[in-house]
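For my numbering, count along the sequence shown from 1 and bump the result up by 236. All C-beta atoms in this analysis are idealised placements derived from N, C-alpha and C, irrespective of residue type, glycine included.
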Amino acid sequence: MPKPFIAILYYLLLVFAGIALLFLASVLQKVSTTSTAEYFYSDFLRNNYSLLAGIIFFLAGLFVGYFLKLNPWLAGIAMVIAMPLVSFYEAAVYKGSHNLIWFELVIYFLFSVPAITGVYIGRYIAKRRKKQEE
Numbered sequence: 237m238p239k240p241f242i243a244i245l246y247y248l249l250l251v252f253a254g255i256a257l258l259f260l261a262s263v264l265q266k267v268s269t270t271s272t273a274e275y276f277y278s279d280f281l282r283n284n285y286s287l288l289a290g291i292i293f294f295l296a297g298l299f300v301g302y303f304l305k306l307n308p309w310l311a312g313i314a315m316v317i318a319m320p321l322v323s324f325y326e327a328a329v330y331k332g333s334h335n336l337i338w339f340e341l342v343i344y345f346l347f348s349v350p351a352i353t354g355v356y357i358g359r360y361i362a363k364r365r366k367k368q369e370e
């Protein structure tokens, strides 16, 4: 486990990596923006989270678990934390929007499951490989 300050920097890096992975999924899927209404940002992020994005997040989780050895729950949630932050931003700016934000938070947690699973599997592979080398 890295030192606390370094670990915090890794988690911040994972937040930006999660945003970049969503944009990568957007480019690969050729998903256009849907509207310019109140839900522009959250719609864009949610519409780009598909099976392909789940696979990309799983693979990123494998990498994080194998090389960085961070907490799987925090690493997985850090990768998708941009989605609830955008929803909270839109709820604060546009009054009356996101009135079911608690349900959105549950859905966003489910979006983090592939990344969390990937981190757990990556850590397991790293431990097995370390045992084999000993």
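Let me know the secondary structure DSSP gives residue i once reduced to three states.
{"i": "Ser333", "result": "coil"}
{"i": "Val251", "result": "helix"}
{"i": "Glu370", "result": "coil"}
{"i": "Leu233", "result": "This structure does not reach residue 233, given that the chain is present from 237 up to 370, and the question cannot be answered."}
{"i": "Ser286", "result": "coil"}
What's the C-alpha gap between residue i and residue j?
{"i": "Lys366", "j": "Leu245", "result": "25 Å"}
{"i": "Lys305", "j": "Arg359", "result": "6 Å"}
Select from the options the residue whose C-alpha is nearest the C-alpha of residue i.
{"i": "Tyr285", "options": "Ala261, Phe294 and Ala296", "result": "Ala261"}
{"i": "Gly290", "options": "Trp309, Met315 and Gly301", "result": "Met315"}
{"i": "Val263", "options": "Leu249, Asn283, Gly297 and Ile361", "result": "Asn283"}
{"i": "Val355", "options": "Gly254, Pro320, Ala296 and Glu340", "result": "Ala296"}
{"i": "Leu281", "options": "Tyr247, Ile317, Phe294 and Leu310", "result": "Ile317"}
With a threshold of 8 Å between beta carbons, is residue i in contact with chain D?
{"i": "Asp279", "result": "Here chain D cannot be found, since the structure has a single protein chain."}
By the 10 Å Cβ neighbour count, where 16 or more other Cβ atoms means buried, how is residue i classified, buried or exposed?
{"i": "Arg364", "result": "exposed"}
{"i": "Pro240", "result": "exposed"}
{"i": "Leu257", "result": "buried"}
{"i": "Ile292", "result": "buried"}
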